[in-house]
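Trainee:
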Amino acid sequence: MTDPATLYPLLPEGALALTILVVISVDLFLAREHKWWLTPLTVVGLALTAGAIAVVWTSAPTDTLAGIYTVDRLALVLKLAALGIALLAALFCPSYLVARRLPLGEFNAILLFSTLGIFVLSSSADLITLFLGLELMVMPAYLLTGFHKTDRFSNEGGLKYFLLGSFASAILLFGVAWTYGLTGSTRFADIAQVFTDGLMNPAVLVAMGFLTVGATFKVAAVPFHFWTPDAYQGAPTPITGFLSVGPKLGAFALLLRLFGEALGPLRADWVDVFAILAVVTMTFGNVVALTQTNVKRMLAYSSIAHTGYILAGLVAYAAATDPAVATTAVEAVVFYLVGYGVMNIAAFAVVGMLQRDPRRYGGLASFAGLASRQPALAAAMTVLLLSLTGIPPTVGFFAKLYILLSTVNAGLVWLAVAIALNAALAAFYYLRVVVYMYMRDPEAEPAAIDRNGVGRLALALSVAGVILLGVFPGLLLGWLPADWVAGAAGLVGH
Amino acid sequence: MVAEVLPLDGHLLLLVPGDNHRLIRWVALLAAIGSFAFSLLLLGYEPSGAEFQFREDIPWISAFGIRYTLGVDGLSAVLVLLTTVLSVVAILYSWDPIQKRVKEYYAAMLLLMTGMLGVFVALDLFVFYVFWELSLIPMYLIIGIWGGPNRIYATVKFVIYTLVGSLLMLVAILAVVLAHANLGGTFTFSYEALRGTAFPDLLQAGAFIAFGLAFAIKVPMWPFHTWLPDAHVEAPTAGSIILAGVLLKLGGYGFLRFSLPLLPEAAHSFAPLMIGLALVAIIYGALVAMVQPDLKKLIAYSSVSHMGFVILGAFVLNVQGLQGAIFQMVSHGVTTGALFLLVGVIYERTHDRQIAHMGGLNARLPAYAAMFGLFTFASIGLPGLSGFVGEFLVLLGAFQYSGWVAAFAMLVVIASAVYMLWMFQRAFFAVPSDWMRRAWGSLHDMTRIEWLSLAPLVILVFALGIFPIPVLQATAEPVQRILESVQGSAGLTSFAWPW
Numbered sequence: 001m002t003d004p005a006t007l008y009p010l011l012p013e014g015a016l017a018l019t020i021l022v023v024i025s026v027d028l029f030l031a032r033e034h035k036w037w038l039t040p041l042t043v044v045g046l047a048l049t050a051g052a053i054a055v056v057w058t059s060a061p062t063d064t065l066a067g068i069y070t071v072d073r074l075a076l077v078l079k080l081a082a083l084g085i086a087l088l089a090a091l092f093c094p095s096y097l098v099a100r101r102l103p104l105g106e107f108n109a110i111l112l113f114s115t116l117g118i119f120v121l122s123s124s125a126d127l128i129t130l131f132l133g134l135e136l137m138v139m140p141a142y143l144l145t146g147f148h149k150t151d152r153f154s155n156e157g158g159l160k161y162f163l164l165g166s167f168a169s170a171i172l173l174f175g176v177a178w179t180y181g182l183t184g185s186t187r188f189a190d191i192a193q194v195f196t197d198g199l200m201n202p203a204v205l206v207a208m209g210f211l212t213v214g215a216t217f218k219v220a221a222v223p224f225h226f227w228t229p230d231a232y233q234g235a236p237t238p239i240t241g242f243l244s245v246g247p248k249l250g251a252f253a254l255l256l257r258l259f260g261e262a263l264g265p266l267r268a269d270w271v272d273v274f275a276i277l278a279v280v281t282m283t284f285g286n287v288v289a290l291t292q293t294n295v296k297r298m299l300a301y302s303s304i305a306h307t308g309y310i311l312a313g314l315v316a317y318a319a320a321t322d323p324a325v326a327t328t329a330v331e332a333v334v335f336y337l338v339g340y341g342v343m344n345i346a347a348f349a350v351v352g353m354l355q356r357d358p359r360r361y362g363g364l365a366s367f368a369g370l371a372s373r374q375p376a377l378a379a380a381m382t383v384l385l386l387s388l389t390g391i392p393p394t395v396g397f398f399a400k401l402y403i404l405l406s407t408v409n410a411g412l413v414w415l416a417v418a419i420a421l422n423a424a425l426a427a428f429y430y431l432r433v434v435v436y437m438y439m440r441d442p443e444a445e446p447a448a449i450d451r452n453g454v455g456r457l458a459l460a461l462s463v464a465g466v467i468l469l470g471v472f473p474g475l476l477l478g479w480l481p482a483d484w485v486a487g488a489a490g491l492v493g494h
Numbered sequence: 495m496v497a498e499v500l501p502l503d504g505h506l507l508l509l510v511p512g513d514n515h516r517l518i519r520w521v522a523l524l525a526a527i528g529s530f531a532f533s534l535l536l537l538g539y540e541p542s543g544a545e546f547q548f549r550e551d552i553p554w555i556s557a558f559g560i561r562y563t564l565g566v567d568g569l570s571a572v573l574v575l576l577t578t579v580l581s582v583v584a585i586l587y588s589w590d591p592i593q594k595r596v597k598e599y600y601a602a603m604l605l606l607m608t609g610m611l612g613v614f615v616a617l618d619l620f621v622f623y624v625f626w627e628l629s630l631i632p633m634y635l636i637i638g639i640w641g642g643p644n645r646i647y648a649t650v651k652f653v654i655y656t657l658v659g660s661l662l663m664l665v666a667i668l669a670v671v672l673a674h675a676n677l678g679g680t681f682t683f684s685y686e687a688l689r690g691t692a693f694p695d696l697l698q699a700g701a702f703i704a705f706g707l708a709f710a711i712k713v714p715m716w717p718f719h720t721w722l723p724d725a726h727v728e729a730p731t732a733g734s735i736i737l738a739g740v741l742l743k744l745g746g747y748g749f750l751r752f753s754l755p756l757l758p759e760a761a762h763s764f765a766p767l768m769i770g771l772a773l774v775a776i777i778y779g780a781l782v783a784m785v786q787p788d789l790k791k792l793i794a795y796s797s798v799s800h801m802g803f804v805i806l807g808a809f810v811l812n813v814q815g816l817q818g819a820i821f822q823m824v825s826h827g828v829t830t831g832a833l834f835l836l837v838g839v840i841y842e843r844t845h846d847r848q849i850a851h852m853g854g855l856n857a858r859l860p861a862y863a864a865m866f867g868l869f870t871f872a873s874i875g876l877p878g879l880s881g882f883v884g885e886f887l888v889l890l891g892a893f894q895y896s897g898w899v900a901a902f903a904m905l906v907v908i909a910s911a912v913y914m915l916w917m918f919q920r921a922f923f924a925v926p927s928d929w930m931r932r933a934w935g936s937l938h939d940m941t942r943i944e945w946l947s948l949a950p951l952v953i954l955v956f957a958l959g960i961f962p963i964p965v966l967q968a969t970a971e972p973v974q975r976i977l978e979s980v981q982g983s984a985g986l987t988s989f990a991w992p993w
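Chain order of the listed sequences is R and Y. Residues 1 to 494 in the working numbering are what the first sequence spells out, letter by letter. Residues 495 to 993 in the working numbering are what the second sequence spells out, letter by letter.
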């Protein structure tokens, strides 16, 4: 029998699971006009979970459940980020959903399930935990994509996402099986131990290949990105915001855990593949985003480009020979994930606010003349777009700077140059939205705008966060998981 | 450095008044004048004292060794004063022409002013980069919202061009900072700490190209100049004044402040290439200016030519050349700023800038014609006016470098007289075109606000031309330091150079 004390590090997961149960139960007894109570309830649950993370903060790092679950600084920071993203999603979505008569109770529960999946993924120290967490994260994501059940595009996106996602999960699982067969263990620590001798035989390459394909599918890296545009465009817009950052956060947690820890000793063998993937991903995402006239779809492609930037950080981690440099790279990845999370979810939310009329699909024309109709909303969107472009003083700039710094530090100047050129390319399509908002006249029948106060509050919070973290990135830097690489370094024999 | 912060205070006030355009204009103007007044404090700069004075040094992002370090030497002081003067001029001139989205306009103007001032006083490369980018977005909006018919194309081109350069410069900044740390230094973005580090040749060459690209696009040097005519033609008048008067100087300043002292070996080795490009820009700008039918485009191309002199002076690497380059920057800011203002004056009346449509303006608008003539001559470099001093010093420096270079540049000075005088003759003396005759009745001479905004530039163009000593004195010390850092260098020895 497990000692109850070993469950103590699972306090945040417990709090979150409890919140889910409460939300589902309360939903049963609420009349339709009182359903909005579920949002504050969810927010309180998320706050309590954050409190639980604060409680276990000092005891990190610890392993629990016989070593299959690790609660270290990296896991806790990722969980906090996931909480923040879930909070913003819980605030941005309701007004959009209610306007389309979509159920709030299910939404909140599914959202929290997916968040719980990110939690498990961030803490996984074992292939089985990893796979469990992954499925717990993406299954709700499939549901959320198809959440607008009367909308054809939503159905299409949900189905595509589900089919391709399951396919990728199967491939990943196949890689997991190979890895187990080769190493005789599912624990990351044991796997890394076996792999310290380098590539023993070609079978390792096969395992690594399957794992790479499965994992890069989940982060939506080119050429495994095909599900992204349709799923993102089909999903209800504020939910797309969540899908583009939440599951991506989880997928990068997976990459850090699986490739950083378990396959860490084989870094020299996978780093080149990932470097190429990073450049191809960012370039492809940007080039295709250039041609989009639908802002929602453009943001979908741009999220592919951002995947490329974050992958570059992972590459810098793998290419680094100095533990300090590797630390910087992981910090850069986490910083980028947080910054990107805030700015992207909020940008999608603004697109959603312009879809008060359900016949609108987020075309560029909806943004025409927004500055004269809604100066505050236009200004907020401008800040978000500048942040996505990477212009100071916003969090997007510092995140990009951090990634650039770690790539240059790891000796990958060519990669840094590729990022810089891509960022300039991206400016073109991000600023095109600014052009529409500020430099064109409104349409004859301008899009109706959602003025929901909760959504506005969340937007104000996001914009404040984007600027605050841009001017004072030190607020976040101190929290980053500097100890993780130290732990992993011992593991992988830096 | 109160002068640098003050325009931002103006921003806070701009949040208060709603649609009260008059009040907004006054607040913006007072913020600009206040900023100018504070920048006058820089006249108290002590040439024999510390290199950088009026320092401000606050830790910012300590994990990255980033400090909010500002400071002023003679070079910065001169350009800060130019910026504050031209900002007052631009804001005052906008009083009548800007009637659309007034609040946003002045907010953008003041933000632009903050960005430009920040670039000139930043002593931390991170801070420098932040201000550099900060000056980009307001200009993007100013051209894009208040510009001419083709404004969106022009402003997007301007932004994309500039961003390509500046993002590569960011990579170079990081490479330089990391190399400094790896060579045993601390991890810092401080300009003073980084200067004097013996960077390896490959890094110097790469960083020089990346920095150089960012600065060359801003200057703009041939062949990176194509955004400039578009931006100028579409920009509102005040935007053109700032663009030509100050924004282009960010590039020249970057070369003098960063490229030369930080990367002396590379600067040494690349100097012949830069001089070659500068000569091409000088002749190319002049020749293209000759055939321009549009008044604004003509002045834009003449800027390419005049800024070529700045680069030429900077890279002949001697005292006269460098002093001339700095002086030319100031003088070009004053004369071209004034010329764009004057083009704006006629455009306000006729909504047309075609030289062929003008003619005979001297008869109808004598005072206006006199002012235009004054700045035309200043632009050509008539002795006694500001343009002469800079060009003369640059040519003097170029002569020491090579007689051929100087002779070539000298020929172009004649060309500049050709296109400016020919333009002046067609617009002001020739028989009025039919087109102009129809507008004849609605023409009126310069208004009080136009006079007021032009007045500081008239004073400066004479003052700088007759009594250039204060500027030359202020810049003597910085020039000496730049030369010390470059002259000792042997160039990049690990490469074979074609020259």
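Ideal Cβ placement from N, Cα and C applies to all residues, glycine included.
1) Tell me which residue opens and which closes the alpha helix (DSSP H) that L143 (chain R) is part of.
2) How should P632 (chain Y) be labelled, buried or exposed, when 16 other C-beta atoms within 10 angstroms of its C-beta is the threshold for buried?
3) How should V492 (chain R) be labelled, buried or exposed, when 16 other C-beta atoms within 10 angstroms of its C-beta is the threshold for buried?
4) Classify A616 (chain Y) as helix, strand or coil using the three-state DSSP reduction.
5) Thinking just about the alpha-carbon of each residue, which of Y:P766, Y:A968, Y:G982 and Y:A738 is nearest to the one in E545 (chain Y)?
6) Compile a chain-ordered list of the residues in the region 541 to 561 of chain Y whose CB is closer than 7 Å to at least one CB of chain R.
7) Taking any Cβ of chain R, which residues in the region 661 to 685 of chain Y have a Cβ under 7 Å from it, in chain order?
8) Given a limit of 8 Å on CB to CB distance, which residues of the region 401 to 416 of chain R reach chain Y?
9) Under a Cβ-count criterion, where at least 16 other Cβ atoms within 10 Å of its own Cβ denotes burial, should F918 (chain Y) be classed as buried or exposed?
10) Beta carbon of G884 (chain Y), beta carbon of F809 (chain Y): below 7 Å?
11) How far does the alpha helix (DSSP H) with P553 (chain Y) in it extend, from its first residue to its last?
12) Could you name the residues of chain Y that A423 (chain R) contacts, counting a contact when the two beta carbons are closer than 7 Å?
13) What three-state label does DSSP hand T196 (chain R) in the structure shown?
14) Please work out which residues of its chain come closer than 6 Å, Cβ to Cβ, to G117 (chain R), disregarding the five sequence neighbours upstream and downstream, and give them in chain order.
15) Should M439 (chain R) be flagged as near chain Y, meaning a C-beta pair shorter than 7 Å?
16) G638 (chain Y) versus chain R: which residues are under 7 Å apart at the beta carbon?
17) Which of the three DSSP states, helix, strand or coil, is assigned to R440 (chain R)?
18) Helix, strand or coil, according to DSSP, for S799 (chain Y) in the structure here?
19) Using 8 Å as the Cβ pair cut-off and three pairs as the minimum, do the region 397 to 413 of chain R and the region 332 to 344 of chain R touch?
20) State yes or no: is the beta carbon of V727 (chain Y) nearer than 7 Å to at least one beta carbon in chain R?
21) Give, in chain order, every unbroken run of the alpha helix (DSSP H) that is at least 4 residues long and sits entirely within the region 51 to 103 of chain R.
22) DSSP three-state label for T563 (chain Y), please.
23) Closest to A708 (chain Y) by C-alpha separation, out of Y:D590, Y:L657 and Y:F886, would be which residue?
24) Return no unless some Cβ of chain Y is closer than 7 Å to the Cβ of L388 (chain R).
25) Check each residue of the region 975 to 987 of chain Y: if its Cβ is closer than 7 Å to any Cβ of chain R, include it; give the result in chain order.
26) How would you list, in chain order, the residues of chain R whose beta-carbon sits under 7 Å from the beta-carbon of V798 (chain Y)?
27) Using CA atoms only, rank isn't needed, just tell me which of R:I391, R:R359 and R:Y438 is closest to A379 (chain R).
28) Report back the beta-carbon spacing between Y180 (chain R) and L127 (chain R) to the nearest angstrom; my notes put them in contact at under 8 Å.
29) Is there a Cβ of chain R sitting closer than 7 Å to that of I592 (chain Y), yes or no?
30) Out of R:L258, R:A426, R:Q233 and R:L87, state which residue places its alpha-carbon closest to the alpha-carbon of L112 (chain R).
31) State the beta-bridge partners of D788 (chain Y) as determined by DSSP.
32) Please say whether P393 (chain R) and V624 (chain Y) have beta carbons closer to each other than 7 Å?
33) Closer than 7 Å by C-beta to G175 (chain R): which residues in its own chain qualify, once you throw out the five before and the five after it? Chain order, please.
34) Name the chain Y residues that come within less than 8 Å of F428 (chain R), Cβ to Cβ?
35) Using a C-beta to C-beta distance shorter than 7 Å, which residues of chain Y count as neighbours of A420 (chain R)?
36) State the beta-bridge partners of N294 (chain R) as determined by DSSP.
Mentor: Quick answer:
1) L127 to T145 is the extent of the alpha helix (DSSP H) around L143 (chain R).
2) Buried is the call here.
3) Confidence is the limiting factor: at V492 (chain R) the pLDDT is only 41, short of 50, which leaves the residue's position unreliable, though a coordinate-based value still follows. Taking a 10 Å sphere around the C-beta of V492 (chain R), we find 16 or more other C-beta atoms and assign the residue as buried.
4) Three-state result, A616 (chain Y): strand.
5) Out of Y:P766, Y:A968, Y:G982 and Y:A738, the CA that lies nearest to the CA of E545 (chain Y) is found in Y:A968.
6) Contact annotation: in the region 541 to 561 of chain Y, residues whose CB is within less than 7 Å of a CB in chain R are I555, S556 and A557.
7) Result list: L661, L662, L664, V665, L668, A669 and L672.
8) For the region 401 to 416 of chain R, which is checked against every Cβ of chain Y, the residues closer than 8 Å are L401, L404, L405, V408, N409, V413 and A416.
9) So F918 (chain Y) counts as buried.
10) Result no, Cβ atoms of G884 (chain Y) and F809 (chain Y) do not sit closer than 7 Å.
11) Judged by DSSP secondary structure, P553 (chain Y) falls outside any alpha helix (DSSP H) and instead within the beta strand (DSSP E) spanning Q547 to I555.
12) Correct list: L661.
13) In this structure, T196 (chain R) counts as coil in the three-state DSSP scheme.
14) For G117 (chain R), where only same-chain residues beyond five positions count, the Cβ hits under 6 Å are G133, L136 and M137.
15) Taking Cβ atoms only, chain Y reaches closer than 7 Å to M439 (chain R), which makes this a yes.
16) In chain order: V435, Y438 and M439.
17) Reduced to three states, the DSSP call for R440 (chain R) is coil.
18) Helix.
19) Touching, yes.
20) Chain R contact via Cβ: absent.
21) Taking only runs of at least 4 residues, the alpha helix (DSSP H) segments lying wholly in the region 51 to 103 of chain R are 73 to 99.
22) In the structure shown, T563 (chain Y) sits in a strand (DSSP, three-state: E or B).
23) When C-alpha distances from A708 (chain Y) are compared across Y:D590, Y:L657 and Y:F886, the shortest belongs to Y:L657.
24) Cβ-Cβ to chain Y under 7 Å: no for L388 (chain R).
25) Result list empty, no residue passes.
26) Residues of chain R whose Cβ lies closer than 7 Å to the Cβ of V798 (chain Y) do not exist; the shortest such Cβ separation is about 23 Å.
27) Checking every option, the nearest Cα to that of A379 (chain R) belongs to R:Y438.
28) The beta-carbon separation of Y180 (chain R) and L127 (chain R), rounded to 7 Å, stays under the 8 Å limit for a contact.
29) Taking Cβ atoms only, chain R never reaches closer than 7 Å to I592 (chain Y), which makes this a no.
30) That would be R:L87, whose Cα lies nearest to the Cα of L112 (chain R).
31) D788 (chain Y) is bridged to Y:Q848.
32) Pairing V624 (chain Y) with P393 (chain R) gives a Cβ-Cβ distance under 7 Å.
33) Answer for G175 (chain R): A207, F210, L211 and G214, listed in chain order.
34) Close partners of F428 (chain R) in chain Y (Cβ separation under 8 Å): V650 and I654.
35) Think of a sphere of 7 Å around the beta carbon of A420 (chain R): the chain Y residues whose beta carbon falls inside it are L661, L662, L664 and V665, in chain order.
36) Note: N294 (chain R) sits in a beta bridge opposite R:G363.
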